[in-house]
Amino acid sequence: MLKFSKINILVTLVLSILVIFFSISNITKFDDNFFKKKINLGLDLQGGSYLLLKIDNEPVIIKELQNKAVSLKNFFKENNIQIFNININENKEIIFSTNEKNVEKVESFLNDKDGSINIYFDQFKSFQYEVENEKENFKLKLSKYGLIKIKTSSLDQAIEIVRRRVDEVGTNEPNILKRGNDRILVELPGLDDPMRIKNLLGKTANLTFRFITKTNDETFGSEQLEFEDGSEIANVSKRIIVSGENLIDAQPRMDNQTNETVVTFDFDRVGAKRFGRATTKGVGKRLAIILDGKVISAPVIQEAIVSGSGQISGDFTFQTATDLALLLRSGALPAPLEIIEERTVGPGLGEDSIKSGLLALLIGFVLVIAFMLFKYKVFGIIANTTLILNLFFLIGILTIFEATLTLPGIAGIILTVGMAVDANVLIFERIKEEIRNEKNKIIAFDTGYVKSRSAILDANITTLIAALILFFLGSGPIKGFAVTLGTGIFTTLFTVYFIARLLTSLYVIKNKNKESLI
Amino acid sequence: MKNNIQFNRFYKVFNFISLALVIISVLLIFFKGLNFGVDFKGGTLIELRVNDKQTNISSLRSAFNSMNLGDVAIKNFGNENDYLIKFEKKDKDKNLIQNIKKELTKKIGLVYEFRRVENVGPKVSAELLNKGLIAIAVALGAMLFYIWIRFEWQFSIGAIIALFHDVIITIGIFSLFSIEINLSIVAAVLTIVGYSMNDTVVIFDRVRENLKKHISIKIFELTNISINETLSRTIITSVTTLLALLSIFIFGGEILKGFSLAMILGVIFGTYSSIYIANPTLVYLNVSYRTVVKEENN
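The following block contains the structure:
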């Protein structure tokens, strides 16, 4: 029947007032907690930059293989097993050979679940390395889980470094998230030119101090490295004296004597000691400061530096010195990052999008309301009241959950306005049909509601399915569309069955003897 | 007022027209192809605003062509000061955008503003396309599943044929006019899937009810009765939805143009197909009182 309990009416009323308050809180400027909740604007509306970075794990894997080869050598030496020809094949696997009599021993070491040389992951039931051998020739390949371990740990490190770098630049509420096992998503609201951040994230910032040598008889070997400014190619020893890991601070400075911009740095204790020892021995030699495989500068050591601090000069502007200091402070990335997707929206476009989105919403809303009024008169007023409250419910709920509103999200709200009246139309049309056969208006109305229910549910569930799929498979702004469209379905059903039905019943009970009711 | 339009007299004619449209659309999609945007093809998109009367599309074109960016497509976007520039540069350049800004300032002066930059790598675009296709496939599958549990199989077939009809023709029209296909079009297609289903299901619901009510009336006549009974609803809902969509299309800005256009087409074809595709299918499949009742006794 068309009766409502008092509690029912009260709850509906309270909820309506609540969502209206929350909706309004989006445009008020109170500091009150209650009004503090606001809908977040997506990057496409407030402007900002979205960067998707992919980590190139190849160097990390090669490094792991190199370390493993060294520890294999040492391990078997300690256990008095001769192995030879240890090598890394195609950057993918370690190969080595042993004597025929040692094959079984090597096998048992490499397949020992409690051993330390090939770690066994209990939770995955897998070794770190898969071992294959043809008689005395062994092949070690990283297992699936061995690879995953390396990738996750390098991603964890990278995300930490990325966060430090982004935080140091001081952008407004950056959002840094893992994506899969080799990607990092960086969202920078309000940033219209991500050039500086892109530059900072594009550098591994691997800093080493090494001597320049003239001869090739170094035990560690040497390599030819180019200078940053392209002025010179130097033969640099592969022996690392100190690396960026030992830095505790770096700052851009103005050198008072030369009037040059430099980067000053401080080593930790270990670094200071090593640096002191090397500079004591190496007076007169050139010390190369190498960043990501390029020599920044290579000053001649005039005297031993034991203070544990120093400075890098190298044709810096104040900006490049600041950025280098920032990179050194935040530490080196475990592997290079590549930007594989970038989307940047300027603040101007964002503002225009909000304006045109709201204009379209307003006009769409007015058109739908006018049409309903024209079509249904009194019941049009009921449908329109419901529609307005529906909009408040939708915006209120988005506010309560502090959802992110995007431009397609606004389109979803407008579309909801267009489709929300459907439920009321289905009901009203059904009531019209029922009234033809049923004298008692109240019963006719009640049957109208009951009989239209299955069609209304079907119609809304199909749209909801589409919205859910979009939510789970869509990306970025499109997700915003799925959120508003999906939430809109729930608010529509609620407002139609609790508010519109209440208003209809009040009207019908009052006017039950009127000839043409609808 | 009771509607009594003889929709069923034109079932065959419209089925023939629809079949032709679907075939033409498929041919267009296969032979003319689709105009994929940077989301799906990869490459760079720049939305540029110029605040200078002397700069026009041809001076921009010559400026960009001299930058060695490969095939550069430049067109006006919304108004005469805004331009959309698209290109695919094969080799990676970390400072691409910065270099373009530098060159552009040299050529036309500092009279422009980059309003939007999108740069999608080949791997990401392939993934996005894949994800989009999966989303559409999953949506179609989910609808099939829903209608399969809600209705008898004859109804499912009718609804699904109508669904494919709407989606294929909408995409065909996009192919015909070379309208850009991007992420938001995928969202539109999924919403069309939902709307088309929604519209069909409401009429089917009535057909089912009428099958039980009027046992002696043949399905050919019965579909017509059901369409007429739900006709006002069909029209009112389509009109309000179209009013909302037209408002987005006209006032919602350039970015939502493709999306709202796809939706408008989808709603029009969705409404049409509910009447002229979904219902005739019930007739061809000889749906009767028994189809509905037999299932319910199980």
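One line per chain: the protein sequences are A and B, in this order. Take the first sequence: its letter number 18 is residue 18 in this note's numbering, and every next letter is one higher. Take the second sequence: its letter number 202 is residue 720 in this note's numbering, and every next letter is one higher. Glycine is no exception: its CB is placed at the ideal position from the N, C-alpha and C atoms.
Here's the rule: buried if 16 or more other CB atoms are within 10 angstroms of the residue's CB, otherwise exposed. What is residue i?
i	result
A/V236	buried
A/L13	exposed
B/A677	buried
A/A466	buried
B/Q672	buried
B/N816	With a pLDDT of 48 at B/N816, under the threshold of 50, the predicted position of this residue should be treated as unreliable, though the coordinate-derived value follows. Flag for B/N816 reads exposed.
A/T152	exposed
A/A321	buried
A/N390	buried
A/G48	buried
B/Q524	exposed
B/A655	exposed
B/S576	exposed
Taking the Cβ atom as the reference point for each residue, do residue i and residue j lie within a distance shorter than 8 Å?
i	j	result
A/K6	A/S25	no
A/G115	A/Y129	no
B/G567	B/D611	The amino acid occupying residue 567 of chain B in the given sequence is Arg; Gly does not appear at that position. No. Outside cutoff.
A/D266	A/G308	yes
A/F392	A/F494	no
A/A304	A/T279	yes
A/S356	B/F769	yes
B/A706	B/A653	no
A/Y50	A/L41	no
B/I737	B/V801	yes
A/E186	A/L53	Correcting the residue identity first, residue 186 of chain A is Val in this sequence and not Glu. Against a cut-off of 8 Å, the Cβ pair of A/L53 and A/V186 comes out as a contact.
B/K775	B/F767	yes
B/R634	A/G396	no
A/E228	A/K294	yes
Have a look at the options and flag the residue whose alpha-carbon is nearest the alpha-carbon of residue i.
i	options	result
A/L359	B/D684, B/L764, B/S693, B/Y601	B/L764
A/G314	A/L361, A/V262, A/I363, A/I17	A/V262
A/S516	A/S475, A/R436, A/S452	A/R436
B/L546	B/K731, B/A705, B/S580, B/F695	B/F695
B/L701	B/I592, B/K649, B/F582	B/K649
A/T385	A/N424, A/L185, A/A411, A/L398	A/N424
A/I94	A/E104, A/T399, A/F124, A/V131	A/V131
B/I675	B/I687, B/D684, B/L662, B/R668	B/L662
A/E594	B/V810, B/S744, B/G771	Any question about residue 594 of chain A goes unanswered here, given that chain A covers just 1 to 518.
A/N79	A/V60, A/N102, A/K68	A/N102
A/I388	A/G486, A/L52, A/T416, A/A288	A/T416
A/I369	A/I289, A/E402, A/M419, A/L142	A/M419
A/R329	A/E245, A/L470, A/P336	A/E245
B/A660	B/N742, B/L708, B/L761, B/E747	B/L708
A/N87	A/V106, A/K77, A/E104, A/I62	A/I62
A/S126	A/L110, A/F138, A/N137, A/I9	A/L110
B/L651	B/V704, B/N522, B/G627	B/V704
Let me know the secondary structure DSSP gives residue i once reduced to three states.
i	result
B/S585	For clarity, residue 585 of chain B is Met in the given sequence; the question names Ser instead. Coil at B/M585, not helix or strand.
A/Q66	helix
A/E173	coil
B/R633	strand
B/Q672	helix
B/N816	The pLDDT assigned to B/N816 is 48, lower than 50, so where the model puts this residue is not dependable, and the model offers no usable value.
A/S5	coil
A/S516	coil
A/D475	The sequence given here has Ser at residue 475 of chain A, not Asp. Correct three-state label for A/S475: coil.
A/R239	coil
A/V19	helix
A/A278	helix
A/S222	strand
A/P59	helix
B/F695	coil
Identify the contact partners of residue i in chain C, using a Cβ-Cβ distance below 7 Å as the criterion.
i	result
B/N716	Of the protein chains in the structure, A and B, none is chain C.
Within 7 Å: the Cβ of residue i and any heavy atom of the ligand FMN?
i	result
B/F595	With respect to the ligand FMN, the structure shown offers nothing to examine, as it has no ligands at all.
### Task
Give the residues from the segment 630-650 of chain B that approach chain A closer than 9 Å (Cβ to any Cβ), ordered along the chain.
E631, F632, R633, R634, V635, E636, N637, V638, G639, P640, K641, V642, S643, L646, K649, G650
### Query
Between the segment 46-79 of chain A and chain B, which residues of the former have CB atoms less than 7 Å from a CB of the latter, in chain order?
L52
### Query
Can you list, in chain order, the residues of the segment 690-708 of chain B whose Cβ is nearer than 8 Å to any Cβ on chain A?
L701, S702, V704, A705, L708
#### Entry: the segment 408-426 of chain A: positions lying closer than 9 Å to chain B by Cβ
P408, I410, A411, G412, I414, L415, T416, V417, G418, M419, A420, V421, D422, V425, L426
### Query
Taking a cut of 8 Å between CB atoms, which residues from the segment 731-759 of chain B lie near chain A?
E747, T748, S750, R751, I754, T755, V757, T758, T759
### Query
What are the residues of the segment 660-691 of chain B that lie near chain A, defined by any Cβ-Cβ distance shorter than 8 Å?
A660, M661, Y664, R668
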